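Chemist:
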Amino acid sequence: MPKSYPQEFRDDVVRVARDREAGVTVEQIAKGFGVHPMTLFKWLRQAEVDEGSKPGVSRGDTAELREARKRIKLLERENEVLRRATAYLSQANLPGEGSTRS
Numbered sequence: 474m475p476k477s478y479p480q481e482f483r484d485d486v487v488r489v490a491r492d493r494e495a496g497v498t499v500e501q502i503a504k505g506f507g508v509h510p511m512t513l514f515k516w517l518r519q520a521e522v523d524e525g526s527k528p529g530v531s532r533g534d535t536a537e538l539r540e541a542r543k544r545i546k547l548l549e550r551e552n553e554v555l556r557r558a559t560a561y562l563s564q565a566n567l568p569g570e571g572s573t574r575s
C-alpha cells in the first residue's frame, strides 16, 4: 500500500520544487524529502490542476464527487425500500376473495 503523506507536507514539497534554483532537479528535491520522484511529479501535476492551469479534476472536485456518489447510493437504497413498501402495501390493501366490498 502506498505511503500516505499529510496534505501540508505535500504542499510544502511542491512549493520547494516550484521555487527550486537552476540546476536543482525534481529528483534531488524528492530524495531530500524522502519521497519517490514520480510521487513528487504527480503532486506537481495535481497542484497545476487544482490551480486551474491544467485541465483535470481538482482535489476539491474529487472529494465533492465522492460525497455525491455516496449520497446517490444512499438515495437509491432508500428508493428501493420505498418501492418494496409500496408494492407490499398495495397488495395488502387489495380486496381478497369473500370481501363484502363492491
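Going letter by letter, the sequence shown gives residues 474 to 575 in the working numbering. Even for Gly, the Cβ is constructed at its ideal location relative to N, Cα and C. Predicted, not measured: the structure shown is a model, and the values here were computed from it.
#1: When you compare each of Arg550, Val499 and Arg542 to proline 510 by their alpha carbons, which one comes out closest?
#2: Which residue's Cα is closest to the Cα of glycine 505: Glu521, Ala490, Gln519 and Leu517?
#3: For valine 508, which option in Asp485, Glu494 and Ala495 has the closest C-alpha, if you only look at C-alpha atoms?
#4: Using DSSP with H/G/I as helix, E/B as strand and the rest coil, what is arginine 518?
#5: Look at the Cβ atom of isoleucine 502, then the Cβ atom of leucine 517, and state whether they are nearer than 8 Å.
Modeler: The structure says:
#1: Val499
#2: Ala490
#3: Asp485
#4: helix
#5: no
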